[in-house]
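Here the structure is laid out as structure tokens; the discussion comes afterwards.
Written out as structure tokens, the structure is:
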């Protein structure tokens with residue numbers, strides 16, 4: 202039953218540049234104190250380093266291993282949404298002279 206008390210969130214960084222991922226993990230200690238029961242970690246690295254650090258946070262803290270892939274997928278979707286959109290140019294063809 203205590204297993205489901207732990208939760209993990211990933212959401213977009215709301216800083217000035219709005220780049221990066223914020224990972225929120227619920228602490229095992231102090232669950233009765235809502236103000237200090239969550240730990241926020243901002244990760245402003247490239248995609249591979251961000252995903253590996255999320256993976257390490259879950260593994261090293263012995264956090265819920267079933268949330269690992271969900272957190273990684275969420276973070277990769279957030280990082281993908283923060284990429285600048287490339288504008289596709291229309292190909293200009295020469296006029297046919299017949």
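Numbering (my numbering), first residue to last: 202 to 299.
The beta-carbon is built from N, C-alpha and C at its ideal position, and this holds for glycine as well.
| task | Pick out the complete beta strand (DSSP E) segments inside the stretch 231-262, 3 residues or longer, and give them in chain order. | result | 239-244
| request: Could you please give the first and the last residue of the uninterrupted alpha helix (DSSP H) stretch that includes residue 226? | output: Position 25 of the chain shown, counted from the first residue, corresponds to residue 226. Residue 226 -> not in any alpha helix (DSSP H); beta strand (DSSP E) instead, spanning 222-227.
| task | Would you kindly work out how many angstroms separate the C-alpha atoms of residue 231 and residue 280, rounded to a whole number? | result | As a position in the chain shown, residue 231 is number 30, starting the count at 1. As a position in the chain shown, residue 280 is number 79, starting the count at 1. Cα to Cα, residue 231 sits roughly 31 Å from residue 280.
| Is it a yes or a no for the stretch 281-297 touching the stretch 259-266, going by three-plus beta-carbon pairs under 8 Å? | no
| query | Quick one: does residue 295 have its CB under 8 Å from some CB of chain B? | reply | Of the protein chains in the structure, only one exists, and it is not chain B.
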